[in-house]
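Here the sequence shown stands for residues 1 to 284, where the numbers follow my numbering.
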Amino acid sequence: MIRIETLNTAYLLSTDRAPESEGNRAETWRVDLLLNDGSDTKAFLKIQPAYETLADLIGALVGRAVGMRIPKPCLVLAKRAKFTDGDGCKSKQWAALFKDQEETLLFALEDAKAISFKRRINANSTQAAKDLRRWDRYADTAIYDEWIANTDRNFGNILFDGVDYWLIDHDLSLMGEYRQLWGLEASRPCPDNLLLEALLRTNPSEIQRYRLRKDANQLSGRYRQLDLSGLVQPRLIEYARLMEEISHRDIHEAMTFLADRITYLTEIVCHKLGMPELPLGQPG
């Protein structure tokens, strides 16, 4: 049985004077954190709605457990004063997060010491795209994104440290913005699996398609070994309790969705690959 790690907590020590400006959906800050074990670390903190933070946390915890290269996530206790200075408020979004409170909990990922892959694409798009497709975890990542229904694996959500790739920003997993329309329907294909769609645009051969089907089947077996009940842990439950927009039921619904979706994962991938011998919606 594969266990999910316990979520770290931290205190916000300091922030940069301005948020990162590299096309992030959420306002993202480079910060210094004091972790609950007494050590300190650099991290990137995101100001975003609570339901996106919950998806980010689940995507990171589940992904790390099954072997995806994702920086360590944590919940950060942040005080209102950290987002103000002598010139006024440094954050454009702080009011919606803090409301009338002096402190709140925010999501952060420890610094992977890597650059956004978007920079490589901007510098040399043709070569960078070829390098990414040769990545030995490309198919694993596309299949993982299909499992968690991640609708936002754009090039800004992949980091490169000079040797390997890192995955960040899972706030639009669990069907992302489509969740409001469809809910969490386990058998529904992810509408925007960007890595898988990019691969399909290369017109993969029949051998490559069968290899992807085999990969999906093998990864489904690994995902079944994951003890998803590890998501019901005190810090996640406390976060859901404190935020008005979500509740502990959202955690249980995500667990049920991920567990049920394993049953359909190979069929969903085959459906996207155009392999009709595995009809969508019939559990294997």
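Beta carbons: idealized from backbone N, C-alpha and C, even for Gly.
Residue ranges of uninterrupted alpha helix (DSSP H) with 4 or more members, entirely inside the segment 163-218 and ordered along the chain, are 179-182 and 194-200.
Asp140 and Leu219 do touch by the CB rule: their CB atoms are close to 7 angstroms apart, below 8 angstroms. In this structure, Ser247 and Ala55 do not form a Cβ contact; the two beta carbons are roughly 14 angstroms apart against a cut-off of 8 angstroms. For Ala114 against Leu45, the beta-carbon gap comes to about 17 angstroms, at or over 8 angstroms, which does not count as contact.
Your pair Arg153 and Leu194 checks out as a contact, with CB atoms roughly 5 angstroms apart and the cut at 8 angstroms. Taking all protein chains in view, the Cβ of Thr266 is crowded by 16 or more other Cβ atoms within 10 Å, so the residue is classified as buried. Going by DSSP, Arg134 is part of no beta strand (DSSP E) at all; its letter is neither H nor E.
Here the alpha carbons of Met1 and Met68 stand approximately 17 angstroms from one another. Setting aside the 5 residues that flank it on each side, Ile237 is surrounded in the same chain by His248 and Ile251, each with a C-beta closer than 8 angstroms to its C-beta; the list follows chain order.
Counting C-beta pairs with one atom in each stretch, the segment 226-237 and the segment 51-66 have three or more that are closer than 8 angstroms, which means they touch. Taking a C-beta distance under 7 angstroms as the contact criterion, Leu196 and Phe257 do not qualify as a contact pair.
A contact between stretches requires three or more CB pairs, one per stretch, nearer than 8 angstroms, and the segment 129-146 meets this requirement with the segment 198-214.
In the displayed model, Pro234 falls within a helix according to three-state DSSP. One thing to note: Asp40 has its Cβ no nearer than 7 angstroms to the Cβ of Arg30.
Burial of Asp171 is indicated by the presence of at least 16 other C-beta atoms within 10 angstroms of its C-beta. Annotation for Arg64: no beta strand (DSSP E) segment contains it, though the alpha helix (DSSP H) segment containing it runs Ala50 to Ala65. Contact check for Ala18 against Val76 fails: the beta carbons are separated by 7 angstroms or more. Of the candidates Tyr178, Gln225, Met243 and Leu159, the residue whose Cα lies closest to the Cα of Glu110 is Leu159. Taking C-alpha positions only, Gly162 is separated from Trp135 by approximately 13 angstroms.
When beta bridges are read from the DSSP output, Trp147 appears opposite no residue. For Arg224, the three-state secondary structure derived from DSSP is helix. A distance below 7 angstroms between beta-carbons, with the five flanking residues on each side excluded, links Phe155 to the following residues of its chain, in chain order: Phe117, Lys118 and Ile121.
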